[in-house]
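To keep things clear, I will list the structure first and then write my remarks on it.
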């Protein structure tokens with residue numbers, strides 16, 4: 166059986182800021198596959214290329230090399246304008262819900278936006294009915310539909326962000342750090358909502374996060390990225406209990422337990438608490 | 075014994091209509107060499123409390139105390155607050171860029187601080203600056219001195235910001251690692267712990283991260299909706315929370331060994347100043363009773379262990 170999404174040797178480059186004509190490699194030859202209904206975790210630190218990889222899959226940044234196949238068909242070569250029908254199947258949930266909503270539009274208008282753009286033949290009453298149904302599905306009270314983004318809490322706004330991604334009935338969701346802007350007491354509500362919706366709709370999902378513990382709760386398979394490369398791809402329990410790559414081990418060893426003895430042991434073991442840290446290589 | 079820092083009935087208000095109150099009657103103290111963490115979520119008032127203590131509130135904010143550092147009032151008097159900063163209070167912020175002047179070389183900024191704090195000449199100040207960089211474990215201080223802040227990584231900038239503090243008796247830190255990657259975060263926390271020990275420095279750290287509390291704090295104060303709802307020694311509070319909010323927060327932390335559903339606290343905290351009668355956590359509390367919505371619980375118990383709840387979890391701290 167072929168995978169729903171196949172990423173082969175995907176490479177993403179950006180022009181260097183110094184404008185010397187060279188390019189920085191954000192993603193260097195990423196290869197993985199995702200099955201229908203699977204939730205795959207993608208972890209790594211800032212600048213490792215995880216967001217660029219997610220955006221490349223959605224056709225938002227071009228590939229410099231490699232290929233991306235969706236249901237067996239190459240989609241990385243599809244020109245931007247022709248990508249629209251695919252947009253209905255592949256959707257994105259953003260990190261910062263506050264920044265991803267137009268402050269001058271009501272929640273209902275923003276959530277309806279993808280329908281307006283991708284299913285223009287739908288009548289206004291049908292569109293309104295879809296918006297109402299989807300807001301209910303993500304647990305937003307109907308009276309919030311007429312409000313503006315600044316009138317909602319961070320958690321409510323992220324629910325709206327999920328509703329906006331789901332309204333076109335996608336088969337695949339890229340969630341790019343969907344809970345990292347939220348408080349701990351609210352973060353779990355969103356993680357659980359995503360888990361439930363994914364289960365009920367049989368969605369495939371690439372869940373991108375810097376937080377290994379959040380990913381551990383959700384994903385059965387995890388990719389670890391470091392400096393633009395996928396350095397580990399395995400089942401959650403293998404990765405967490407027997408990581409093969411030294412970087413994965415470093416990442417795991419940096420997670421603070423909420424327990425003083427363990428947390429203190431962790432920071433006391435940092436070599437740099439005593440030794441000097443070398444200056445990083447400066448990018449030209 | 076008098077505390078190094080003594081905060082009593084601190085309120086912080088912001089101009090506006092209705093005047094949003096960020097901090098609502100907070101009392102706490104920090105002893106010499108003690109490390110106190112204030113933990114809370116956004117809107118809890120924790121950052122405004124810290125800014126008020128350091129005299130750095132925004133212009134439309136006003137604080138009432140007293141807040142005493144080594145017995146002297148430091149609130150409401152910009153000059154005495156600035157002097158206190160020079161004479162024993164240091165601070166680091168979430169983003170180290172705020173502590174550093176972007177267009178000046180690292181060395182010049184350090185030398186200036188060294189000259190001001192030690193009253194020495196330039197030659198001696200340069201030596202002091204090199205020593206300061208060594209103390210925060212930055213390699214090749216001489217070459218670093220010639221660099222500008224933007225040429226450094228986030229973790230290195232935070233180290234320089236800490237170096238700029240000279241030798242404070244108390245360091246105020248506002249989530250100093252929240253903008254950093256986890257691998258760098260552990261290094262900066264290790265550095266802070268080491269400096270507290272080496273310099274005999276007290277620490278008041280504000281954070282949303284209970285892992286940081288576990289790693290650094292002797293004692294913890296938990297804030298919710300402008301107030302301290304629980305205070306206790308870190309080991310006791312983290313293993314046997316008494317306030318339902320503390321318990322909920324601890325349960326909600328995602329853990330590497332966690333699978334499936336995360337524990338959550340329903341609802342969201344009230345917006346700053348949008349407070350109501352009775353316990354402010356009551357609408358989200360699994361143990362609320364009728365009079366929780368009427369009677370405001372006060373923080374009761376000794377400074378080492380207090381809780382503001384009508385129905386706290388009970389049990390001994392010495393298991």
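Chains as they are written, first to last, in this note's numbering: chain A, 166 to 449; chain B, 75 to 393. Backbone N, C-alpha and C fix where the C-beta goes; we use that ideal spot for every residue, glycine too.
Applying the 10 Å Cβ sphere with the 16-neighbour rule, what's the burial state of residue 339 of chain A?
Classification of residue 339 of chain A: buried, given that the 10 Å Cβ count is 16 or more.
Report yes if the C-beta distance between residue 282 of chain B and residue 115 of chain B is below 7 Å; otherwise report no.
In this structure, residue 115 of chain B lies closer than 7 Å to residue 282 of chain B by Cβ.
Going along the chain, which residues of its own chain have a beta-carbon closer than 8 Å to the beta-carbon of residue 318 of chain A, five neighbours each way excluded?
Counting only Cβ-Cβ distances below 8 Å, and skipping sequence neighbours, we find 351.
Count the CB pairs spanning the region 418-436 of chain A and the region 119-126 of chain B that are closer than 8 Å, and state whether there are at least three.
With the cut-off at 8 Å, the region 418-436 of chain A and the region 119-126 of chain B do not touch.
Only counting the same chain, and skipping five residues up and downstream in sequence, which positions put a Cβ closer than 6 Å to that of residue 218 of chain A?
Taken in chain order, the residues that qualify are 192 and 195.
Ignore the nearest five residues each way along the sequence and tell me which others in residue 312 of chain B's own chain have a CB closer than 8 Å to its CB.
Within the same chain, residue 312 of chain B has close Cβ partners 284, 287, 288, 294 and 324.
Can you tell me whether DSSP reads residue 317 of chain A as helix, strand or coil?
Coil, per DSSP.
Count the C-beta pairs between the region 291-306 of chain A and the region 342-362 of chain A that are closer than 8 Å, then say yes if the count reaches three, no if not.
Yes, the region 291-306 of chain A is in contact with the region 342-362 of chain A.
Which word fits residue 201 of chain B, buried or exposed, when buried means at least 16 other C-beta atoms lie within 10 angstroms of its C-beta?
Exposed is the call here.
In this structure, how does DSSP classify residue 399 of chain A when only helix, strand and coil are distinguished?
DSSP places residue 399 of chain A in strand when its eight states are reduced to three.
Let me confirm a value: residue 175 of chain B is counted as buried when at least 16 other C-beta atoms fall within 10 Å, else exposed. Which label applies?
Label assigned to residue 175 of chain B: exposed.
For residue 328 of chain B, would you say it is in contact with chain A, using Cβ-to-Cβ distances shorter than 7 Å as the test?
Closer than 7 Å: yes.
Return no unless some Cβ of chain B is closer than 7 Å to the Cβ of residue 394 of chain A.
No - not a single Cβ of chain B is within 7 Å of the one on residue 394 of chain A.
Among B:359, B:207 and B:315, which residue has its Cα nearest to the Cα of residue 380 of chain B?
Ranking B:359, B:207 and B:315 by Cα distance to residue 380 of chain B puts B:315 first.
Short of 7 Å Cβ to Cβ, which residues in the region 191-216 of chain A face chain B?
The region 191-216 of chain A vs chain B, Cβ under 7 Å: 210 and 211.
Beta carbon of residue 409 of chain A, beta carbon of residue 387 of chain A: below 7 Å?
Contact: no.
Whose Cβ in chain A lies nearer than 8 Å to the Cβ of residue 282 of chain B?
Correct list: 348 and 349.
In chain order, what residues of the same chain lie with their CB nearer than 7 Å to the CB of residue 145 of chain B, ignoring the 5 residues before and after it?
Excluding positions up to five away in sequence, the list reads 76.
Starting from residue 405 of chain A, find everything on chain B with Cβ-Cβ shorter than 9 Å and list it in chain order.
The contacting residues are 330 and 331.
In whole angstroms, what is the alpha-carbon distance linking residue 414 of chain A and residue 316 of chain A?
So the two alpha carbons sit approximately 42 Å from each other.
Could I get the ranges of all uninterrupted beta strand (DSSP E) runs contained in the region 253-329 of chain A, with 3 residues as the minimum, in chain order?
Whole beta strand (DSSP E) segments, 3+ residues: 255-258.
So residue 167 of chain A contacts chain B; which residues on that side make the cut at Cβ distance below 8 Å?
Under the 8 Å cutoff, chain B gives no residues; its nearest Cβ is about 29 Å from residue 167 of chain A.
For residue 373 of chain B, would you say it is in contact with chain A, using Cβ-to-Cβ distances shorter than 7 Å as the test?
It does not; no Cβ of chain A falls within 7 Å.
Return the chain-ordered list of same chain residues with a C-beta closer than 6 Å to the C-beta of residue 278 of chain B, the five sequence neighbours on each side being excluded.
These residues qualify, in order along the chain: 104, 110 and 246.
Rounded to whole angstroms, what is the Cα-Cα separation between residue 276 of chain A and residue 354 of chain A?
Rounded to whole angstroms, residue 276 of chain A to residue 354 of chain A spans 20 Å at the Cα level.
For residue 182 of chain B, I'd like the list of residues in its chain whose CB is within less than 6 Å of its CB, leaving aside the five on either flank, ordered along the chain.
Closer than 6 Å at Cβ, skipping near neighbours: no residue.
Against chain A, does residue 115 of chain B count as a neighbour if the rule is that its beta carbon must be under 7 Å from one of theirs?
Judged by the 7 Å Cβ criterion, residue 115 of chain B is in contact with chain A.
Taking all protein chains shown into account, do 16 or more other C-beta atoms lie within 10 angstroms of the C-beta of residue 285 of chain A, making it buried, or fewer, making it exposed?
It is exposed - the Cβ of residue 285 of chain A has fewer than 16 other Cβ atoms within 10 Å.
Quick test of the definition: if touching needs 3 or more C-beta pairs under 8 Å, does the region 214-230 of chain A touch the region 263-280 of chain A?
Not touching, per the Cβ criterion.
Using 8 Å as the threshold, is the region 372-379 of chain A in touch with the region 206-217 of chain A, meaning 3 or more CB pairs across them?
Segments in contact, yes.
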